[in-house]
Amino acid sequence: MLHAILIDDEKNSRDALRKKIESYCPAITIVAECSNGLEGLDAIRDFRPEVVFLDIEMPHMNGFAMLEQVPDKNFHLVFTTAYNQYAIHAIRLGAFDYLVKPVDNAELKELVKRIEEQKSTTSQHERLQLLVEQLSSGQKKPIQKIAVSTQEGLEILTVDEIQYMEAIGNYTQIYFTAGKPLLASRTLKEFEDLLQEEGFFRVHNASLVHLKYVKKYIRGDGGQVVLMNGQVLDVARRRKDELINLLGKIAPRA
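Next comes the structure, spelled out in structure tokens:
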């Protein structure tokens, strides 16, 4: 049984989430409900929950400000939020779980299942810092680091060191400018959504390439790209024209 705390300034939202948890998630027991960040801090200290459902947009002390005052974040953190593209993008960069209001029953059940299967919580300090940095200006910033789930836990990666990625079923193999590749527990499509504005391009269903590391393009039906390290990757025919256009934009001017 997992003990959980709900922190949300809107009573209707707390009531709705509690009813869904009670109806669809028998592994979760709600031990406290809080209407603001101060109550949340007290409840976390008093109940030491395994799971905290935390609303982001709260007056006076929002979810991020509250988290900065929690000394030991030894719990599974689940953000709840109304749709906000910048917030959700930042949350995904930190590999945090989140629920968009109104909460979908199937997504809630799948999320709780993932939490049950996790062996332990991982230090969240650096991931939270990534998230706060992304949100501090209220708009997207160039991404420097990203948190990635692996079979062993979580790793913080420097985006500039990622050369390309390959799909392996529902997993992704990440290749770097140096060192061994890393198998991530996230689909290639998810990485594409996160990194397409950071100079990454899906050259093929199986490959996502950091364009700054493309050395040359070889013409063909779809063609191929050759990376700085000599790696050759196929280009899908339908991606060819867009790739050539993008490479032309980043090519150095004489």
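The sequence shown maps to residues -18 to 235 in the numbering used here. Glycine residues also receive a C-beta, built at the ideal position from the N, C-alpha and C atoms.
Around the Cβ of His57, are there at least 16 other Cβ atoms within 10 angstroms (buried) or fewer (exposed)?
buried
Where Leu(-2) falls, given that 16 or more other Cβ within 10 Å makes a residue buried:
buried
Three-state class that DSSP yields for Ala235 in the structure shown
Low confidence applies here, because Ala235 scores a pLDDT of 40, under 50, leaving its location unreliable; read the following figure in that light. Three-state DSSP puts Ala235 in coil, outside helix and strand.
Are the beta-carbon atoms belonging to Gly203 and Arg183 less than 9 Å from one another?
no
For Leu92, I'd like the list of residues in its chain whose CB is within less than 6 Å of its CB, leaving aside the five on either flank, ordered along the chain.
Asp78
Continuous beta strand (DSSP E) stretch holding Ser130: start and end:
Lys126 to Ser130
Is DSSP giving Gln177 helix, strand or coil here?
helix
What runs of the alpha helix (DSSP H), each 4 residues or longer, lie entirely inside the stretch 39 to 95?
44 to 49 and 66 to 74
Host alpha helix (DSSP H) of Tyr194 (start-end):
Note, Tyr194: premise wrong, no alpha helix (DSSP H); not H, not E.
Candidates Lys170, Asp141 and Gly150: closest to Tyr156 by CA position
Each of Lys170, Asp141 and Gly150 was checked against the Cα of Tyr156, and the nearest Cα belongs to Asp141.
Nearest to Lys126 (by Cα), restricted to the options Ile9, Gly75, Lys193 and Asn17
Gly75
Let me confirm a value: His41 is counted as buried when at least 16 other C-beta atoms fall within 10 Å, else exposed. Which label applies?
exposed
Report yes if the CB atom of Leu169 is closer than 9 Å to the CB atom of Tyr198, and no otherwise.
Contact: no.
Whole-Å CB distance - Phe34 paired with Ile(-12), under 8 Å assumed
The pair is a contact, with the Cβ atoms about 7 Å apart (cut-off 8 Å).
What did DSSP end up calling Ala159 once you bin it into helix, strand or coil?
coil
Going by DSSP, what residue range makes up the beta strand (DSSP E) through Ile149?
Ile143 to Ile149
Taking the beta strand (DSSP E) that Ile9 falls in, what are its first and last residues?
Ile9 to Cys15
Among residues of its own chain, excluding the 5 on either side of Leu192, which ones have a beta-carbon nearer than 8 Å to its beta-carbon?
Gly180, Phe181, Phe182, Leu227, Leu228 and Ile231.
Using only alpha-carbon positions, find the residue among Val190, Ala68 and Ala128 that is nearest to Asp36.
Selected option, being the one with the closest Cα: Ala68.
In terms of residues, what are the limits of the alpha helix (DSSP H) holding Asp(-4)?
Lys(-8) to Tyr5
Considering just the uninterrupted stretch of the alpha helix (DSSP H) at Asp23, what are its terminal residues?
Going by DSSP, Asp23 is part of the alpha helix (DSSP H) stretching over Gly18 to Phe28.
Which value, in whole angstroms, describes the spacing of the CA atoms of Val129 and Arg95?
Going from the Cα of Val129 to the Cα of Arg95 covers about 15 Å.
Here's the rule I'm using: 16 or more other beta-carbon atoms within 10 Å means buried, otherwise exposed. How should Leu89 be labelled?
buried
Glu136, DSSP secondary structure in three states:
strand
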